[in-house]
């Protein structure tokens, strides 16, 4: 199976024209939903227990 033959059209689509716009929107949404400087997960405990 030639992965280059499978990926080349996809890479070309997301490199030019409307595909590039879609890729930029996707990158923006990913950065908005999953910020790189987010705090680590921690367990919230109730006060007094």
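Residue numbers (our numbering): 333 to 381. Note that the Cβ used here is the ideal one computed from N, Cα and C, for glycine as well. Every value quoted in this text rests on a predicted model; they were computed, and no experiment measured them.
Residue 366, enclosing alpha helix (DSSP H) - first and last residue: Counting along the chain, residue 366 falls outside any alpha helix (DSSP H), and DSSP gives it neither H nor E.
Do residue 351 and residue 360 come within 9 Å of each other at the CB atom, strictly closer than that value? no
Just the C-alpha distance for residue 334 and residue 369, rounded to the nearest angstrom, thanks. 38 Å
From the DSSP output, in three-state form, read off residue 378 for me. coil
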